[in-house]
Each structure stands twice: as structure tokens, then as C-alpha cells.
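Asker: My questions will all concern the structure given below.
Protein chains: 2
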Amino acid sequence: MLDLNLFENHGIKPSITRIKIYEYLLNHDHPTVDEIYQELKPELPTLSKTTVYNVLSLFHEKALVSTLVLNHKEQRYEINHQPHTHFECIRCGNVYDMPYVQIDYRSIAQDGFEYVNHDFVVKGVCATCKQE
Amino acid sequence: MLDLNLFENHGIKPSITRIKIYEYLLNHDHPTVDEIYQELKPELPTLSKTTVYNVLSLFHEKALVSTLVLNHKEQRYEINHQPHTHFECIRCGNVYDMPYVQIDYRSIAQDGFEYVNHDFVVKGVCATCKQE
DNA sequence: GTCCTTGCAAAGCGTTTGCACAGAA
DNA sequence: TTCTGTGCAAACGCTTTGCAAGGAC
Numbered sequence: 587m588l589d590l591n592l593f594e595n596h597g598i599k600p601s602i603t604r605i606k607i608y609e610y611l612l613n614h615d616h617p618t619v620d621e622i623y624q625e626l627k628p629e630l631p632t633l634s635k636t637t638v639y640n641v642l643s644l645f646h647e648k649a650l651v652s653t654l655v656l657n658h659k660e661q662r663y664e665i666n667h668q669p670h671t672h673f674e675c676i677r678c679g680n681v682y683d684m685p686y687v688q689i690d691y692r693s694i695a696q697d698g699f700e701y702v703n704h705d706f707v708v709k710g711v712c713a714t715c716k717q718e
Numbered sequence: 587m588l589d590l591n592l593f594e595n596h597g598i599k600p601s602i603t604r605i606k607i608y609e610y611l612l613n614h615d616h617p618t619v620d621e622i623y624q625e626l627k628p629e630l631p632t633l634s635k636t637t638v639y640n641v642l643s644l645f646h647e648k649a650l651v652s653t654l655v656l657n658h659k660e661q662r663y664e665i666n667h668q669p670h671t672h673f674e675c676i677r678c679g680n681v682y683d684m685p686y687v688q689i690d691y692r693s694i695a696q697d698g699f700e701y702v703n704h705d706f707v708v709k710g711v712c713a714t715c716k717q718e
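Chains as they are written, first to last, in the numbering used here: chain A, 587 to 718; chain B, 587 to 718.
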């Protein structure tokens, strides 16, 4: 299921906890620390939130995942793949992936600013909440 | 200096604290609560952070300011005017305003999602930090 | 009098830190 | 042995809440 070479390529030693957390990220879009913790707790009964934080910050440091800052309080994490855009519903708080919006970075470079990364979050009302 | 009709139009009763905080927002880009508190403390010696939070959430509720969520922990606030883009330096943490990036929202509407607002944050290294 | 603004103190909550235990190499 | 992963408990920092005092009306 999970290719361990990916860990090796990023300089991460595998462990059951790390593998489970990574698999969870593969199957769930931008979860919070608490979501990961609550869902993995049954499989890994001795899991602690500290460990989830530790593993995620290791993944982040090794450029395996990126963090996502939204209106809500908690940090969210997602696996690094092609950039895309997020939609956050202001009613239910759910976060959806959206097609990537292409940006022109030339003006940024002109000002002597170096582009590294970007967060683009569209806020509004999701289709489900709109029907209510 | 400050047009009190603006407050009235938004259903906000003026007070010295509210006026000072609003003026601070007029003259400073996206400050944090602590920055506002520290800077206004000399003028308003009995000011408390709770009051800064109260006033800002009133302003936000009355659509006078919007909130801005960045990588750093604290919430930032800015006066509502034409939308623009923010650049956050990953070295010094400073936040700069940037030219507005125009977005095409048609695809969002197609999915039954209603656009309300957006946050666009570019991360990188600012011109000052780049020289070091 | 009532209503509203203000602000102290405490609680809340996501996150980080200190540290120690246990397993791997 | 040393190094590393894990996890409890406490600390930390930003924000919110409870509540009471004082002012506006």
C-alpha cells in the first residue's frame, strides 16, 4: 500500500506510527491533528497527541506534507502534491479541494521578493449548506 | 480625521477606545491584537486586551474589518477595502500588501458553491531579508 | 432607573516543551 | 552502549468567558 522508498527518499525512518499517519493523510484531505489522533487511537491504543505532532512536524520538515492555515483554529496538514486551492465553508467549516488557480508571480519577483509557496483559500457557502 | 458617520452607518456607537482602535487600523496594515494593545496603551492607560478583542470582534461583526489568518499564531485585522494579496516573509514574519490577483470564480459557482471572500497569501523571502 | 462599555481574572484550547522510558542498532 | 521514537504531564500563548464596576442615557 505505502511505498517505503518514499520515506527513505525523504530521510525518514519508518515506524508503525509514521506509516499509519502517512496512510491516513493519503486517504483523508487536510485533517487536523485531533482528527488523526481520534481515528488512529483504536488501532494504536497508546498513541498520544504529542506523537502526532512530532510525526507531522517531522513530515513537514522533510517536505513530505505541508501545513494549511484556515480561519479555524487548528492547523491542517496535507500531503505535498501539485498545488491546488481550498474552499472553506463559513457555515459548516468543511474544507474542499478546488481546481488550482494559476497565478502570475512576475510582479512579486520585480519587487525583490522571492516566491516560495502560497496559500489560497476561498471562503463561502458549500453546496450542501446552500441547500438548507 | 475619522468620519463618525462611518461608525453610525455600521451601527456602531462611538467611544474613545473604538475610535482610537479604528484610527490605528487606518494607519497600520494588518496588526495583531497585541500590537494594537501595546501601541495604544500609552494613550489609553487603562486599556485591556479584552477590550481590544471586544472592539475588533464588534468591528468584524459589523463588517468594518476583516480577519486575516497567516502562518503565525495570532489573528490579524485589517480595514475592509478593495481585496488584495498578502505576502508573508518566512524569515522575519512581516506581512506586506501586494497587488491584487484577479481570480476567476466561475468554476466555483458551477459546483453550487457560493463565493463570499478569499484569502490569498504568498509566502517567500522579502526583499530586506534577501539582502542578508 | 436601565443599558452598554470596559477590564480584571480565570478558563479554554491548540500547540510546544521537558523529560523519562523503552526499543532499535 | 548510544541513538531514536514515543508519550505523559506541564507549560505556553492566543483567545474567550464570567462577571462586576462605572459611565452614558
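Just so it is clear, CB atoms sit at the ideal spot from N, CA and C, and this is done for glycine as well.
1. Measuring alpha carbon to alpha carbon, tell me which of A:716, A:713, A:670 ends up nearest residue 706 of chain B.
2. Taking the beta carbon of residue 674 of chain B as the centre, do at least 16 other beta carbons fall within 10 Å, making it buried, or is it exposed?
3. Is the stretch 641-649 of chain B touching the stretch 591-601 of chain B in the sense that three or more CB pairs, one from each, lie closer than 8 Å?
4. Using three-state DSSP, classify residue 711 of chain A as helix, strand or coil.
5. Looking at chain A, is there any beta carbon in it that lies within less than 8 Å of the beta carbon of residue 699 of chain B?
6. Taking its Cβ as the centre, do 16 or more other Cβ atoms sit within 10 Å of residue 602 of chain B, making it buried, or is it exposed?
7. How many angstroms separate the CA atom of residue 639 of chain A from the CA atom of residue 592 of chain A?
8. Could you check which residue in A:629, A:656, A:663, A:633 has the C-alpha nearest to that of residue 644 of chain A?
9. Using DSSP with H/G/I as helix, E/B as strand and the rest coil, what is residue 652 of chain A?
10. When the cut-off is 8 Å and only beta carbons count, does residue 716 of chain A lie next to chain B?
11. Who are the near neighbours of residue 616 of chain B in its chain, counting only those whose CB is closer than 6 Å to its CB and skipping five residues on each side?
12. Roughly how many angstroms lie between the CA atoms of residue 642 of chain A and residue 679 of chain B, to the nearest whole one?
13. Looking at chain B, is there any beta carbon in it that lies within less than 8 Å of the beta carbon of residue 710 of chain A?
14. Can you have a look at residue 702 of chain A and say buried or exposed, based on whether 16 or more other CB atoms are within 10 angstroms of its CB?
15. In or out: residue 604 of chain B buried (at least 16 other Cβ within 10 Å) or exposed?
16. Where are the alpha helix (DSSP H) runs, 4 residues long or more, that stay fully inside the stretch 603-651 of chain B, in chain order?
17. Quick one: what does DSSP say residue 593 of chain B is sitting in, helix, strand or coil?
18. Could one say the Cβ of residue 713 of chain B lies closer than 8 Å to chain A's Cβ atoms, at least one of them?
19. Do you know offhand how far residue 621 of chain B's Cα is from residue 713 of chain B's?
20. Starting from residue 675 of chain A, follow its DSSP beta bridges and name the residues at the other end.
21. Which residue marks the beginning of the beta strand (DSSP E) containing residue 717 of chain A, and which one marks its end?
22. Rounded to the nearest angstrom, what separates residue 660 of chain A and residue 612 of chain A at their Cα positions?
23. Could you list which residues in chain A have their beta carbon closer than 9 Å to that of residue 656 of chain B, in chain order?
24. Does residue 681 of chain A have its Cβ less than 8 Å from a Cβ in chain B?
Answerer: With the given structure in hand:
1. Position 120 of the second sequence, counting from 1, holds the residue named residue 706 of chain B. For the residues A:716, A:713, A:670, the minimum Cα distance to residue 706 of chain B belongs to A:670.
2. As a position in the second sequence, residue 674 of chain B is number 88, starting the count at 1. So residue 674 of chain B ends up on the buried side.
3. With a cut-off of 8 Å, the stretch 641-649 of chain B and the stretch 591-601 of chain B count as touching, because enough Cβ pairs lie within range.
4. Start at 1 with the first residue of the first sequence, and residue 711 of chain A comes out as number 125. Strand at residue 711 of chain A.
5. Within the second sequence, residue 699 of chain B is the residue found at index 113, counting from 1. Chain A, which has a Cβ nearer than 8 Å to the Cβ of residue 699 of chain B, makes this yes.
6. If you number the second sequence from 1, residue 602 of chain B lands on position 16. Per the 10 Å Cβ criterion, exposed.
7. The sequence position of residue 639 of chain A within the first sequence is 53, counting from 1. The sequence position of residue 592 of chain A within the first sequence is 6, counting from 1. Cα-Cα distance, rounded: 20 Å.
8. The residue labelled residue 644 of chain A in the question sits at position 58 within the first sequence. Here the closest residue by C-alpha is A:663.
9. Along the first sequence, read from residue 1 onward, the residue named residue 652 of chain A stands at position 66. The answer is strand: DSSP assigns residue 652 of chain A an E or B state.
10. The count along the first sequence starts at 1 and reaches residue 716 of chain A at position 130. Judged by the 8 Å Cβ criterion, residue 716 of chain A is in contact with chain B.
11. As a first step, residue 616 of chain B must be located in the second sequence, where it is residue number 30. Apart from the 5 residues on each side of it in sequence, residue 616 of chain B sits with its Cβ closer than 6 Å to the Cβ of 654, 662, 664, 681 in its chain, given in chain order.
12. Here the question's residue 642 of chain A lines up with position 56 in the first sequence. Here the question's residue 679 of chain B lines up with position 93 in the second sequence. If you take the alpha carbons of residue 642 of chain A and residue 679 of chain B, they lie about 22 Å apart.
13. The sequence position of residue 710 of chain A within the first sequence is 124, counting from 1. Chain B contact via Cβ: present.
14. For the purposes of this step, residue 702 of chain A is taken as the residue at position 116 of the first sequence. Sixteen is the threshold: since fewer than 16 other Cβ atoms of the shown chains lie within 10 Å of the Cβ of residue 702 of chain A, the residue is exposed.
15. Here residue 604 of chain B refers to the residue found at position 18 of the second sequence. Classification for residue 604 of chain B: buried.
16. DSSP runs (the alpha helix (DSSP H)) wholly in the stretch 603-651 of chain B: 619-626, 635-647.
17. For the purposes of this step, residue 593 of chain B is taken as residue 7 along the second sequence, with counting starting at 1. Secondary structure of residue 593 of chain B (DSSP, three-state): helix.
18. Residue numbering aside, residue 713 of chain B sits at position 127 when the second sequence is read from its first letter. Closer than 8 Å to some Cβ of chain A, the Cβ of residue 713 of chain B qualifies, so yes.
19. Here residue 621 of chain B is taken as the residue at index 35 of the second sequence, counted from 1. Here residue 713 of chain B is taken as the residue at index 127 of the second sequence, counted from 1. Spanning the two alpha carbons is a distance of roughly 23 Å.
20. Counting from one through the first sequence, the residue named residue 675 of chain A turns up at place 89. Bridge partners of residue 675 of chain A according to DSSP: A:710.
21. Position 131 of the first sequence, counting from 1, holds the residue named residue 717 of chain A. Per DSSP, residue 717 of chain A is not a residue of any beta strand (DSSP E), being assigned neither H nor E.
22. Stepping through the first sequence from its first residue, residue 660 of chain A is reached at position 74. Stepping through the first sequence from its first residue, residue 612 of chain A is reached at position 26. So the alpha carbons of these two residues sit roughly 19 Å apart.
23. Reading the second sequence from its first residue, position 70 is the one you call residue 656 of chain B. Chain A residues near residue 656 of chain B: 655, 705.
24. Here the question's residue 681 of chain A lines up with position 95 in the first sequence. With a threshold of 8 Å between beta carbons, residue 681 of chain A makes no contact with chain B.
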